[in-house]
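Contents: one structure, followed by commentary.
2 protein chains.
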Amino acid sequence: MRYTGLRSFQAVAQAGGFTAAAEQLGVSQPTLTAQIGALEAEFDVRLFHRRNRRVELTPAGRDLLAITTRMFAEEREALEFLQQSRELRRGVLRVGAVGPYHVTEMLAAFGRRYPGVELSVALGNSTRALQDLRDYRTDVAVLAHIDEDPGLLAVPYRRHPVVVFTRTDHPFAARDAIALADLQGERMIVREKGSTTRRAFEEAIGAAGVAPRIVMEIGSREAIREAVIHGLGIGYVSAAEFVADPVLRAVPIADAQIFTYAHVVILRERADGRVIRAFLDTVGGMLRPE
Amino acid sequence: MRYTGLRSFQAVAQAGGFTAAAEQLGVSQPTLTAQIGALEAEFDVRLFHRRNRRVELTPAGRDLLAITTRMFAEEREALEFLQQSRELRRGVLRVGAVGPYHVTEMLAAFGRRYPGVELSVALGNSTRALQDLRDYRTDVAVLAHIDEDPGLLAVPYRRHPVVVFTRTDHPFAARDAIALADLQGERMIVREKGSTTRRAFEEAIGAAGVAPRIVMEIGSREAIREAVIHGLGIGYVSAAEFVADPVLRAVPIADAQIFTYAHVVILRERADGRVIRAFLDTVGGMLRPE
DNA sequence: GGCAATCGATAGAAATTACCTATGCGTTAC
DNA sequence: GTAACGCATAGGTAATTTCTATCGATTGCC
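Protein chains in written order, with my numbering: chain A, 12 to 301; chain B, 12 to 301.
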């Protein structure tokens, strides 16, 4: 009652009459008569003088109007906020990712489409990214890794071939491509166990029966790159993550389909969230598995 | 729906849970589930993460909460205002009067009883006072005059004898009282036609068959006083309105009951107004005819 | 000066909304 | 492992809101 009464009061006060307010409010005039009557009766306060055919605010009504005007301004703001949220003219999208490679591209596209939505990116390893996702600290994760958790939904975004890279003084550096078999006995520096790239690579050489000579295992892309630059051996990396250098050369592997995949991962239970849907939709138009 | 939904949202957000909010709000928990569910469905926005057995605001929820908090603060203020109006801890009382004689006394008593109510007095002639009353510019009028208008309600407040006043060098000045008959042939200065005092006075001398000699008719108490001071004749005035002066002397009339009455006048249609009722009630305790 | 139009009040009924009880499912705590 | 806790669901009830029809009164127009 209190809300409806105040709303009717506000409308009548602003419209300057019951009939006008009723039209403006989309209700019938007796409704307003009843509601304002109830309000006045409950608090035993006259809010309007019904002077003949005209209504006029009492002093108490004037004071009340000042308050309700502010109140309904806030209400409008709340509804406007919700409306804008629905239309994604505002909101927040928080993304966790292991590297800036793909996520920047995705967020650029999303940002163009929904300029009102605030974007935030948390970079970290895949474990952290997944934990943030599960804890609702992020809405989306961009990962290579695929967790078999049924609570997760992973959408393949893009795949990249794994390439070998060497110093320019290595024989491979002169070639357009190599064959997997060429790696037999090669001194290689590899990623740590658990690396998605390593898993894909080892699967391929295992299937081909090729056995490079592993000289070092390092848990960092950047560190491997340094090691290769210093001539400790050759390395491999996802083509998307290869950083050019004057003394380095990336060489494709011709006869093997070794890929790493970038996935967009969300919580299945949040798949119907509006911002998340919009993000997947935006990203969906960018799918281009190499 | 919108209001109830927002109220439920506000309660859950502040209480930190549906059950706690339900208790605090005096409704059942499913009510809140339904209402917030409806709100979220209507705008397709998640406001809370229902994470296991705990609820947590989403970013959108946090933004909305900031708005609704302000909104409900305004609502509380509005209800508080109405509550205070009911208890007359605030409000306005506007009084119209012809002179400050009685109204000051009444307002002092009213002000002591209802310190929160703002008081205002408009002094003027009785015509103006009545017009202000009819136009709702004042709530109460304090008048001598009684209008026979059925729309008015006049409460007698106090009555005052009409006294004769003279210069101190006039024979009457030495007497404790005079009789009506003593006025026969006296040079008198009288009020204008329509004056309540004049009507009461003439009624009395008419009944007694006494005929003073009217030397002047003036439409102002102050002007009559000046005229008497200058020796143009003797005057009469309501005892309550007599202003002392070294050269003036007021003399009661022993054998006549000539009175003027102070009335508290209100519009009958507003007799049930809270402030007006309170005023009449306060004044009622002060009734003391004479 | 009379008639039509306008505005708010009233009465009674209909539709929508808000709300409750009972219960289920999953998690947390002892 | 069991009990307690917290939110979701289902179905029904109570309360509020709102409607239509009509009246009474005033204002404006001709």
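Glycine is no exception: its CB is placed at the ideal position from the N, C-alpha and C atoms.
I need the DSSP call for residue 156/A, collapsed to helix, strand or coil.
One-based indexing of the first sequence puts residue 156/A at position 145. Residue 156/A: coil per DSSP, three-state reduction.
Which residue's Cα is closest to the Cα of residue 220/A: 194/A, 64/A and 231/A?
Start at 1 with the first residue of the first sequence, and residue 220/A comes out as number 209. Taking only the C-alpha atoms, the option nearest residue 220/A is 194/A.
DSSP three-state label for residue 301/B, please.
Here residue 301/B corresponds to residue number 290 of the second sequence, with the count starting at 1. No answer about residue 301/B holds up, because its pLDDT of 47 lies below 50 and its placement is not dependable.
Grab the span of the alpha helix (DSSP H) containing residue 235/B for me, first residue to last.
Numbered from 1 along the second sequence, position 224 holds the residue referred to as residue 235/B. Note, residue 235/B: alpha helix (DSSP H), 232 to 240.
By the DSSP assignment, the alpha helix (DSSP H) with residue 42/A in it spans what residues?
The sequence position of residue 42/A within the first sequence is 31, counting from 1. Run containing residue 42/A: 40 to 54, per the alpha helix (DSSP H) assignment.
Using 8 Å as the cut-off, classify the Cβ of residue 112/A as near or not near the heavy atoms of the ligand MN, replying yes or no.
The model on display carries no ligand, and the ligand MN is accordingly not part of it.
Is residue 206/A helix, strand or coil by DSSP?
Along the first sequence, read from residue 1 onward, the residue named residue 206/A stands at position 195. Here residue 206/A sits in coil by DSSP.
With a 10 Å radius around its C-beta and 16 neighbouring C-beta atoms as the bar for buried, classify residue 82/A as buried or exposed.
Walking along the first sequence from the start, residue 82/A turns up at place 71. Residue environment analysis places residue 82/A among the buried positions, since at least 16 neighbouring C-beta atoms fall within 10 angstroms of its C-beta.
Alpha carbon to alpha carbon, how far is residue 170/A from residue 301/A? Give it in angstroms, no decimals.
The sequence position of residue 301/A within the first sequence is 290, counting from 1. The sequence position of residue 170/A within the first sequence is 159, counting from 1. Low confidence applies here, because residue 301/A scores a pLDDT of 45, under 50, leaving its location unreliable; read the following figure in that light. Rounded to whole angstroms, the gap between the alpha carbons of residue 301/A and residue 170/A is 5 Å.
Endpoints, alpha helix (DSSP H) assigned at residue 112/A:
In the first sequence, counting from the first residue as 1, residue 112/A sits at position 101. In the DSSP assignment, residue 112/A falls within the alpha helix (DSSP H) that extends over 111 to 124.
Chain B contacts from the stretch 277 to 297 of chain A (Cβ-Cβ distance under 7 Å)
Under the 7 Å Cβ criterion, the stretch 277 to 297 of chain A contributes 284 and 285.
Three-state secondary structure (DSSP) of residue 163/B
Position 152 of the second sequence, counted from the first residue, corresponds to residue 163/B. DSSP places residue 163/B in strand when its eight states are reduced to three.
If you check the beta carbons only, do residue 76/A and residue 121/A fall under 9 Å apart?
Numbered from 1 along the first sequence, position 65 holds the residue referred to as residue 76/A. Numbered from 1 along the first sequence, position 110 holds the residue referred to as residue 121/A. It is not a contact, given that the beta carbons lie outside the stated cut-off.
Hey, residue 15/A and residue 46/A are a contact pair by Cβ (cut 8 Å); roughly how many whole angstroms apart?
Sequence index remark: in the first sequence, residue 15/A carries index 4 (1-based). Sequence index remark: in the first sequence, residue 46/A carries index 35 (1-based). By a beta-carbon distance limit of 8 Å, residue 15/A contacts residue 46/A. Their separation comes to about 6 Å.
Residue from 174/A, 204/A and 153/A with nearest C-alpha to residue 190/A:
The sequence position of residue 190/A within the first sequence is 179, counting from 1. That would be 174/A, whose Cα lies nearest to the Cα of residue 190/A.
At a CB distance below 9 Å, what residues from the stretch 140 to 161 of chain B approach chain A? Give them in sequence order.
From the stretch 140 to 161 of chain B, only 146 and 147 have a Cβ closer than 9 Å to chain A.
Using 10 angstroms around the beta-carbon of residue 117/A, count the other beta-carbons present and answer buried if the total reaches 16, otherwise exposed.
For the purposes of this step, residue 117/A is taken as residue 106 along the first sequence, with counting starting at 1. By the neighbour-count rule (16 or more Cβ atoms within 10 Å), residue 117/A is buried.
Taking 9 Å as the threshold (beta carbon to beta carbon), is residue 25/B in contact with chain A?
By one-based count along the second sequence, residue 25/B stands at place 14. No, no contact with chain A.
If the cut-off is 7 Å on Cβ atoms, which residues from the stretch 40 to 65 of chain B count as contacting chain A, listed in chain order?
Here the close residues are 54, 55, 56, 57, 60 and 62.
Return the CA-CA distance between residue 199/A and residue 236/A, expressed in angstroms with no decimal places.
The sequence position of residue 199/A within the first sequence is 188, counting from 1. The sequence position of residue 236/A within the first sequence is 225, counting from 1. Spanning the alpha carbons of residue 199/A and residue 236/A requires a straight line of approximately 12 Å.
Between residue 293/A and residue 119/A, what straight-line distance do the alpha-carbon atoms span, to the nearest angstrom?
Position 282 of the first sequence, counting from 1, holds the residue named residue 293/A. Position 108 of the first sequence, counting from 1, holds the residue named residue 119/A. When rounded, the distance between both Cα atoms is 10 Å.
If we ignore side chains and look at the alpha-carbon of each, how far apart do residue 284/B and residue 112/B end up?
Mapped onto the second sequence, residue 284/B falls at position 273. Mapped onto the second sequence, residue 112/B falls at position 101. So the two alpha carbons sit approximately 25 Å from each other.
Kindly give me the distance between the Cβ atoms of residue 54/A and residue 94/B, rounded to whole angstroms, as I take these residues to be in contact under 8 Å.
On the first sequence, position 43 is the one that residue 54/A refers to. On the second sequence, position 83 is the one that residue 94/B refers to. Going by Cβ atoms, the distance from residue 54/A to residue 94/B rounds to 7 Å, so yes, they are a contact pair.
Any residues in the stretch 81 to 98 of chain B with a beta carbon nearer than 8 Å to a beta carbon of chain A? Which ones, in chain order?
With the criterion set as a beta carbon lying under 8 Å from some beta carbon of chain A, the members of the stretch 81 to 98 of chain B are 81, 82, 85, 86, 88, 89, 90, 92, 93, 94, 96 and 97, in sequence order.
Do the stretch 275 to 291 of chain B and the stretch 155 to 162 of chain B make contact, defined as three or more Cβ pairs closer than 8 Å?
The stretch 275 to 291 of chain B, when compared against the stretch 155 to 162 of chain B, does touch it at the 8 Å Cβ threshold.
Count the CB pairs spanning the stretch 122 to 142 of chain B and the stretch 252 to 268 of chain B that are closer than 8 Å, and state whether there are at least three.
For the pair of segments examined, the stretch 122 to 142 of chain B was found not to touch the stretch 252 to 268 of chain B: the number of CB pairs separated by less than 8 Å stays below three.
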